[in-house]
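According to UniProt numbering, the sequence shown holds residues 1 to 402 in order.
The beta carbon of each residue, even a glycine, is placed where N, CA and C say it ideally should be.
Fair warning: this is a prediction, and the values are worked out from it, not measured in the lab.
Shown next, in structure tokens, is the structure this report addresses.
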Amino acid sequence: MHGILSRTQAPRSSIHCDIKRLSDLRRRFHLNLAIACDNDKGGPSTTALAVQDREDALVYWIAANGDSQGGISPEVAAHLEGLIRDLANIVGLPQTAEAREGLERAFVEKFINFKSPKVKKENMRLSNAAERCIKYLSTGMESEASDNYVNVVGARGVSVVEWLRKFDKSHNARPATQLCSLAYSERHKPEMNELKAIITRLETCPDVAKAFHIVYHTVGRLASHVRTPRQLIRDATDLQERTGGTSHLDPADERTTALDSLRRMVRAEDERFERLSGNLQVMGPQLYLDKGMQEFFDDEAGPPPSVHAEVQVLDHFYQQKLTYVYGDAWLEQRGVLQHMIEDMRKLVLVRLRDMLGPLPYRTDSLTAITEKEELPYWSENSMSEDMSAAETDSSQAMGGDT
């Protein structure tokens, strides 16, 4: 609906975690569990996770972008259950240091192997970029190190080339665990800083700089597949949480009409709903809202219809009146999404007001019995009050504040 009414852009957001705070440590633990379920490159496998505080145990609820119509895949649910069970064994069972080291190594390998499709695609992108960088650097050296090449690359160009060869296509057949381990061991090498310097010096050659940036970025991405399971082990040790089972959500409904979308944003029993739905009934036929939304979902060339994973989980907790563990409704995957939903909801409601606008007031032309104080229900004054109320109630409509 918002895409039809208007389009907006916003800067990227990042999540900062202070592990000295127990709440942040718990959030990072749940975030990494959600990341563990994201096993392919692209949006459909992006997973959201929330934890229900049940009397006998904690219940982990998960949803994925691409599974909103058919439910989470059994493989993902089984993988998450296995990870939680393995963490309980690592943390809770008495064992020698050597035995624990073996369990931790097996846990990291299990984590990476499940993400093999994602790792392979990331590594392919890395090897392609590395070879472009090698070609650029080698061409400069073959031209007898022109002044321009020396100014851009510096004296360490030879060592950078040798370092980049570790990531060329000749190594693509290696297992995912080896690819990630290599990136993890190389992530702090001096050549990484050299790449940053080259990127800065190549500001006037963005196409060339992009290849160096991809190498720098993707080495970090591959290394994160080793760092994340290690963080899970450390955080599980610190938290010592009691765990129960995992559950996945039922398939999302298909409420994709404009009026159904409004019901998601404003509760039907809310006194504002009648006014806003009245505006929508006037605007809908004029803007072909329902038709436009249906064409978006029916477009075979476009993305398949889905409900974002975080929205699925938020809606499920709200509809089922479930209790978040420790009362923390922060969704563990892209935690800022609920703020974005609130902002988009406000924008849609404002557009419903502004695009229609208040109708010009006049008394009844025949009888003149209409009171001047009675404004149309879509008037500017009443809608201004609605917008103010919408801001205070928006978080409640989606199940609580983040």
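Cβ-Cβ distance between residue i and residue j below 9 Å
{"i": "Asp168", "j": "Ala130", "result": "yes"}
{"i": "Trp61", "j": "Ala78", "result": "no"}
{"i": "Ala48", "j": "Leu80", "result": "no"}
{"i": "Leu93", "j": "Val325", "result": "no"}
{"i": "Leu239", "j": "Leu83", "result": "no"}
{"i": "Val266", "j": "Leu349", "result": "yes"}
{"i": "Ala63", "j": "His316", "result": "yes"}
{"i": "Gln231", "j": "Phe29", "result": "yes"}
{"i": "Thr218", "j": "Ala183", "result": "yes"}
{"i": "Lys115", "j": "Asp38", "result": "yes"}
{"i": "Val160", "j": "Glu191", "result": "yes"}
{"i": "Arg54", "j": "Thr237", "result": "no"}
Best match in the options for proximity to residue i [C-alpha to C-alpha]
{"i": "Thr46", "options": "Glu55, Cys180, Asn32", "result": "Asn32"}
{"i": "Phe212", "options": "Lys110, Leu347, Leu126, Ser73", "result": "Leu126"}
{"i": "Glu162", "options": "Glu186, Ser181, Ala173", "result": "Glu186"}
{"i": "Glu101", "options": "Met192, Ser261, Ile233", "result": "Ile233"}
{"i": "Glu75", "options": "Asn113, Gly220, Val313, Gln95", "result": "Asn113"}
{"i": "Lys135", "options": "Val108, Glu271, Leu164", "result": "Leu164"}
{"i": "Ser170", "options": "Arg351, Thr237, Asn128, Leu222", "result": "Asn128"}
{"i": "Tyr318", "options": "Arg21, Ala236, Gln52, Lys115", "result": "Gln52"}
{"i": "Ile72", "options": "Arg351, Thr323, Gln312", "result": "Gln312"}
{"i": "Leu222", "options": "Ala34, Pro117, Arg351, Leu347", "result": "Pro117"}
{"i": "Lys189", "options": "Arg201, Leu103, Ser261, Gly220", "result": "Gly220"}
{"i": "Asn279", "options": "Arg351, Leu103, Arg21", "result": "Arg351"}
Cβ neighbour criterion (16 or more within 10 Å) applied to residue i
{"i": "Asp56", "result": "exposed"}
{"i": "Gly66", "result": "buried"}
{"i": "Met383", "result": "At Met383, the pLDDT of 44 sits below 50, so the modelled position is not reliable; the number obtained from the coordinates is stated separately. Its Cβ being crowded by 16 or more others within 10 Å, Met383 is buried."}
{"i": "Arg105", "result": "exposed"}
{"i": "Asn193", "result": "exposed"}
{"i": "Cys133", "result": "buried"}
{"i": "Gln281", "result": "exposed"}
{"i": "Thr96", "result": "exposed"}
{"i": "Ser23", "result": "exposed"}
{"i": "Glu144", "result": "Any answer about Glu144 is weak, because its pLDDT of 43 lies below 50 and its placement is not dependable; what the coordinates show is given next. The residue in question, Glu144, is exposed, as its Cβ has fewer than 16 Cβ neighbours within 10 Å."}
{"i": "Ala99", "result": "exposed"}
{"i": "Arg27", "result": "buried"}
{"i": "Ala309", "result": "buried"}
{"i": "Arg275", "result": "buried"}
{"i": "Glu271", "result": "exposed"}
{"i": "Asp343", "result": "exposed"}
{"i": "residue 413", "result": "The structure shown has nothing for residue 413, since the chain only spans 1 to 402."}
{"i": "Asp235", "result": "buried"}
{"i": "Ala34", "result": "buried"}
Residue(s) in a DSSP beta bridge with residue i
{"i": "Asp168", "result": "For Asp168, which the question treats as bridged, DSSP gives no partner whatsoever."}
{"i": "Asp86", "result": "Asp86 pairs with nothing; no bridge assigned."}
{"i": "Tyr324", "result": "Gln52"}
{"i": "Leu22", "result": "Bridge partners of Leu22: none, in fact."}
{"i": "Ala63", "result": "Ala48"}
{"i": "Leu58", "result": "Asp53"}
Proximity test, residue i beta-carbon vs the ligand FAD heavy atom, cut-off 8 Å
{"i": "Ala78", "result": "Summarising the ligand content, the structure contains no ligands, and the ligand FAD is consequently not present."}
Contact with chain C by residue i, beta-carbon distance below 9 Å
{"i": "Val215", "result": "No chain C is part of this structure, which consists of one protein chain only."}
(Q) Taking contact to mean 3 or more Cβ pairs, one atom from each stretch, closer than 8 Å, check whether the segment 172 to 183 and the segment 216 to 232 are in contact. (A) Yes: the two stretches touch, three or more of their Cβ pairs being nearer than 8 Å.
query: How about the segment 85 to 101 and the segment 182 to 200: do they share at least three Cβ pairs that are nearer than 8 Å?
result: no
Report yes or no: do three or more beta-carbon pairs, one from the segment 36 to 55 and one from the segment 109 to 121, lie closer than 8 Å?
Taking a contact to require three or more Cβ pairs closer than 8 Å, the segment 36 to 55 and the segment 109 to 121 qualify as touching.
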